[in-house]
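Here the structure comes first, spelled out in structure tokens, and everything after it is commentary.
Residue numbers (full-length UniProt numbering): 1 to 262.
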């Protein structure tokens, strides 16, 4: 027979957890006259596999169900389900790593090319609208990494209008889709590689719209002088660098489709 303290020390588990296992019926100790529990050898064995199952990721309800079975078939099914959960978690972490790498590249680009537009070939990518997301990993990715990029349109005076609904989806590079063999819904929209104009500039928060208009006007004029005409609809990334302060400002990145002048 084992006292509560002995069992607690043997498994490095607190009394609160032991009492929880007793209340759920996973352990069945005897009650002494002094209201203390004593645990049998069977309880010792049971606690060892309860702890093991918990370490493997099974919930308390799953463990309770598993301890009521005569064979191991359902245990195997639970294990297979848990393996799938772990695989999904690994994929999610790997995708978040790619998004982080992409963000770091964006910051490096900003430091290297601020106020200096460049023409580059973009990478092909897919856009999946929120309502079309079916894969649990992609759903989790969308919830954990809401987009900070929007479709924007500027008029003849370079006044910008954002389209917030354009951010309600997930952008995945084609390279990521192939690398992780991601399942894509039929509604996924593919955008091939194309030459675009990329530029970054810093805009003060107190006169955001005015400074943004001036920066875009200068950009469009510079590119037109080089023989390149830019479209009025483009992708804009907004990064708060210093916010809610007197000298607040935003770092703005624009990704603009182009066509050569006739």
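Ideal placement from N, C-alpha and C gives every residue a C-beta, glycine not left out. Predicted, not measured: the structure shown is a model, and the values here were computed from it.
Within the region 24-82, the runs of alpha helix (DSSP H) at least 4 residues long that lie entirely inside it are, in chain order, 41-56, 60-66. Residue 208 is not a Cβ neighbour of residue 114, given a cutoff of 8 Å. CA-to-CA, the gap between residue 128 and residue 88 works out to about 19 Å. Per the coordinates, the alpha-carbon of residue 177 lies some 22 Å from the alpha-carbon of residue 120. Between the beta-carbon of residue 197 and that of residue 258 there is about 5 Å, and that keeps the pair under the 8 Å contact cut. Residue environment: residue 229 is assigned as exposed (fewer than 16 neighbouring CB atoms within 10 Å of its CB, all protein chains considered). Between the alpha carbons of residue 194 and residue 102 lies a distance of about 18 Å. DSSP places residue 147 outside both helix and strand once states are collapsed to three, so it counts as coil. Note: residue 161 is bridge-paired with 153 in the DSSP secondary-structure output. For residue 223, the enclosing alpha helix (DSSP H) stretches over residues 208-225.
At least 8 Å separates the beta-carbon of residue 11 from that of residue 54. One alpha carbon belongs to residue 215, the other to residue 254, and they sit about 11 Å apart.
In the structure shown, residue 196 falls within a strand segment according to DSSP collapsed to helix, strand and coil. Per DSSP, reduced to three states, the secondary structure at residue 180 is coil, with no helix or strand assignment.
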